[in-house]
Each structure stands twice: as structure tokens, then as C-alpha cells.
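Here's the structure we're looking at; comments come further down.
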Amino acid sequence: MARVYAALGTNLGNKVLNLENALAMISQMVGPIEATSRLYTTAAQYVEDQPAFLNLVAQIKTELKPTKLLGAFKKIEREVGRVPSLRWGPRLIDVDILLYDNQTFKIDTEEGSLIVPHERITERDFVLAPLCDLAPDLLHPVLKHSMQHLYDMLKKGERCYADPVLMLPVYKNAPWSLGNKTFVMGIVNITPDSFSDGAELESTAAAVEKALEMERAGVDIIDIGGESSRPGAEPVTEQEELRRVLPVIRGIREKSKIAISIDTTKANVARQAVDAGANIVNDISAGLNDGAMLGTVAMLRVPIVLMHMRGTPKTMTGLKEYEDVVAEVAEVMSRRVAAAEAAGIYRWNIIVDPGIGFAKARFLNLKLLRKLSVFKKLCQGLPLLVGPSRKGFIGEICGRPEPKDRAWGTAATCCAAIEQGADILRVHDGAEMVDVAKMSDAIWRGE
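For the sequence shown, position 138 matches number 138 in UniProt numbering, and the numbering has no gaps at all.
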């Protein structure tokens, strides 16, 4: 079988859905998708008076010969809805062959001329950026330079376009851009035994109002949890977890379009929560607690947060020994990312969380916070969620035994996390941490 790298782009309609539909057809008509890049938005090039594009690169295995492959890609374009139009003009989908194994050829076909390697690879940042996600060291068959070298050279040249911007499709019709804004995830626990706010929200109405209050304060995501993850916590049944979370998700969705994440380690809870209106799955076990989780999320086509933890909430306090916490946590998370991709989750839908406060002693949490940028780089630059809110090590350092008194210490850790490249903060004190994020973004990510 040949290994093919294909570029996909779209700038009309529901762009994320266009890409997902094209990839599904590629899997059916061409062969298995081994990996996908992150998702990028780029300004239109060549013909500039048109909407921005969403772009990605897919790594595919296929038995199709080049001419048959081109025919399959053209058929996919037509089935997604592309119609003939101005060259380089607006389109629902574009699927181009970039590389076919290490081969070079030019073939005239009924679908047009097929040149491989694609003759415009070296001038297109919207191709090289995602291609470097998958194969930075791959040599161009003709130029004999790595893809990373070609991209570096392009960025050093005279550029008239802004750099590609990473995107996170929390909403398929309006994906979020990453890098300039830190998104705040507000915690709404529907549990009697959470370490910080257990038994605080005794009714569905109270939980929904708490979420809406956070939204009014500027929180971007509401994280709904029906099972405590505090150290030593006992597990709850799937039925009980569903009983707790589904009415709250439905109640929020009836009144708001705010993004909702479901904090669960159970695949069926994740599925029913998404069916009820959740946008994101937040799994503190990174798919290890329930073998069906990763496949379920792949089917749901929603983002997933993969968090590092050893053991379970009940056993993790005895599992705090590390030789090099940053490298070891990153290695584990890289394996979980690979498992997620193998299950069919697109790379652009994966968010990593180093698990601050989970199976880590105080000094290890501090080391992780100091080295989050290193951790993020080791995890392929995937979106980074950090959840330091009211954690025990903050109480130890600040002398605050009550979790609710740790807002100022949490604020400091959030500032540090943003400076180190965090994309999402998971917090209890929504209004306060929204301001922390705004100021930190202005300092470190502003013009």
C-alpha cells in the first residue's frame, strides 16, 4: 500500500462539517486515515477577495494507483458539493494529492494533469504548516529538504499573508482560534462530595443558574461533572451520574448556547451528554477507565480533553514518584494521543491536560507549571488545558486549608499557566479568573 499525504481545504458553508464529510468519504473510498494534522485557518491566497479557508493535511494508506486516487478525490469533491468555479476561488472542498510515497511523476488524466509532488507545496504555508504536524522530517522527493526546512525557509522569505492560525472546533459552524485568547472553563459540580464545592448545588435549577451566572461573567465553557475526582473519592454508577448531569445539561441548553463540556470517564455518559447538548468530553482518565470512550468520541466527532492521572481518584495519592515529571507526563500523554488517533479521533479535536494536582506532590505540580511550554511542545503543540483551581498544593503554600479561600493562589497559577502557553483554564471562580485571563492575555499575547 502507498502512503499518501493529501491537503484538504474549504471556505464555504459549514467548513468543519465539509472537512469531516470529506475525510469520512476518504476512509470509505480511498483507504484508512493514519493521522490528521491540526486544523488551521488561513487568508485566501491568489484570489484574495473571498472568505478565509480552513485547512488540514491527512496521512492516508491506499491501494489505489495515482490516477485512480485522483479520480476518487474528484468524486469526493463533487459529493461534498463542489461545483466548477473560478480557479483558486471559493469552494466547499478541495482535496489535493501532495505526496505519493516517495514517487515523482506527471500524468495527464481525464480529471486533468496530476503532478506529484504537488508543484506548489513550497509556496503554501497552509500546506506546509499542517504537513509539518505529521511529517516534519520527511524529505521532499525532488528538493531533498525536509518539510520543516521548507516551511522555515518560507517563513523567512517575503510574506504578504498572516501566519496560519490554529483552530479548535468547539462549535462546528464557528471554530475558535487559538493563541490570542485564553478560554475559561467554569466548573459546575453536581456531586455531594467534591473537594471544593460538594453539595453546594442541590437542585437542577441551582446548577443551571450557576452556569448562567458564569456565562454572564464571561466564562467560555461550562464543565459539568457528576462524579467527584477528589483524592480518595468513591466511584458512582453510570445511572447515578446520568441522573445528575443530564437534566443540568438540558437546562443550560434550553437557555444558552454556551459551550458545555461533560466531565466523565464513562463512554455512555459522554454519548448521552453530547446528545443532550454538550460540545466537549473531558476525561480525567484519558480514555483508560472505559475502553469504549475513545471510539465513542471518534463517532461523536467532538473535542476531547485527555488528562494525565495515575490510578484512580481513590488510589492516586500513593502514586507520586517520578524521575522527570515533565518528560514522563508528556510521554504518557503522547501515548494517549496516539491511542485517540488510532481510535479515529482527529488530531484537531484533542486537548491535553497535564493533570495538575492528580497523583503529583507539591513540588511536582510547581515544576509542571514552570515547564508547561516544554510539556506542550512534547505533546505536538496540541491545545493545552490547565486545571489548578483551588488545589491542595495552593492551600499548602498559601496556608489556606479551606479550598474556597484559594482564589488568589489560583489566580497566580493561572497567570503562570497563560505565560507558558495554556489555551484553556479550568476554574471554580469564574468571574475572577476571566479577569485574570484578560490581563494575562493583554500582557503576554497582546500586540
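From the three backbone atoms N, C-alpha and C, an ideal C-beta is built for every residue, glycine too.
- The beta-carbon distance between A22 and L8, rounded to whole angstroms, is 6 Å. This is short enough to meet the 8 Å contact definition.
- For V95, the CB contacts under 7 Å within the same chain, skipping 5 residues up- and downstream, are A6, L8, A22, F73, I76 and E77 in chain order.
- DSSP places D108 in the strand class (E or B) of the three-state scheme.
- Annotation for D133: the continuous alpha helix (DSSP H) segment containing it runs D125 to L134.
- In the structure shown, the three-state DSSP call for I397 is helix.
- Contact annotation: V352 and L382 have beta-carbon atoms nearer than 8 Å.
- Measuring C-alpha to C-alpha distances from A343 to each of V16, G13 and I33 identifies I33 as the nearest.
- Measuring C-alpha to C-alpha distances from M147 to each of L98, T191, L168 and L378 identifies L98 as the nearest.
- Ranked by Cα distance from V116, the first of F363, K65 and Q45 is K65.
- Burial of W176 is indicated by the presence of at least 16 other C-beta atoms within 10 angstroms of its C-beta.
- Straight-line spacing of the CA atoms in G295 and I304 works out to 11 Å.
- In the displayed model, K156 falls within a helix according to three-state DSSP.
- Rounded to whole angstroms, the separation of the alpha carbons of A270 and A292 is 10 Å.
- Remark: C-beta atoms of V325 and L384 do not approach each other more closely than 8 Å.
- Per DSSP, the continuous beta strand (DSSP E) segment holding R3 begins and ends at A2 to T10.
- Here V142 is exposed. Its C-beta has fewer than 16 other C-beta atoms within 10 Å.
- Look at I221 here: in three-state DSSP terms it is strand.
- Contact annotation: M1 and K61 have beta-carbon atoms nearer than 8 Å.
- Inter-residue distance for A431 and G311 is about 33 Å (C-alpha atoms, whole angstroms).
- Put simply, the backbone Cα of P231 is about 53 Å away from that of Q50.
- Within its own chain, the residues whose Cβ lies closer than 8 Å to the Cβ of V208, once the five positions on either side in sequence are excluded, are V248, G251, I252 and K255, listed in chain order.
- Going by C-alpha positions, E402 is about 33 Å away from D290.
- Around the beta carbon of V127, a 10 Å sphere encloses 16 or more other beta carbons of the protein chains shown; the residue is thus reported as buried.
- Look at D405 here: in three-state DSSP terms it is helix.
- Excluding its 5 nearest sequence neighbours in each direction, S389 has C-beta neighbours in its own chain below 6 Å: T410, V427 and H428, listed in chain order.
- Taking a cut-off of 8 Å on C-beta distances, the segment 266 to 285 does not touch the segment 367 to 381, as fewer than three cross pairs fall below it.
- Straight-line measurement puts the Cα of M25 at about 13 Å from the Cα of G81.
- Scanning K360, V47, K15 and A135 for the CA closest to the CA of R3 turns up A135.
- Residue environment analysis places T42 among the buried positions, since at least 16 neighbouring C-beta atoms fall within 10 angstroms of its C-beta.
- If only uninterrupted beta strand (DSSP E) runs of at least 3 residues are considered, those enclosed by the segment 46 to 102 are 53 to 62 and 94 to 100.
- Counting only residues of its own chain and dropping the five nearest sequence neighbours on each side, N18 has a CB closer than 7 Å to the CB of T10, V80, L92 and I93.
- Taking C-beta separations shorter than 7 Å and ignoring five residues to either side along the sequence, the partners of L70 in its chain run I97, T109, E111 and L114, following chain order.
- Nearest Cα to M29 within the set K68, A416 and A298: K68.
- The shortest CA-to-CA distance from T265 to any of K377, E227 and W444 is the one to E227.
- Contact annotation: N14 and K172 have beta-carbon atoms nearer than 8 Å.
- With a beta-carbon spacing of about 16 Å, A298 and I262 fall beyond the 8 Å limit used to define contacts.
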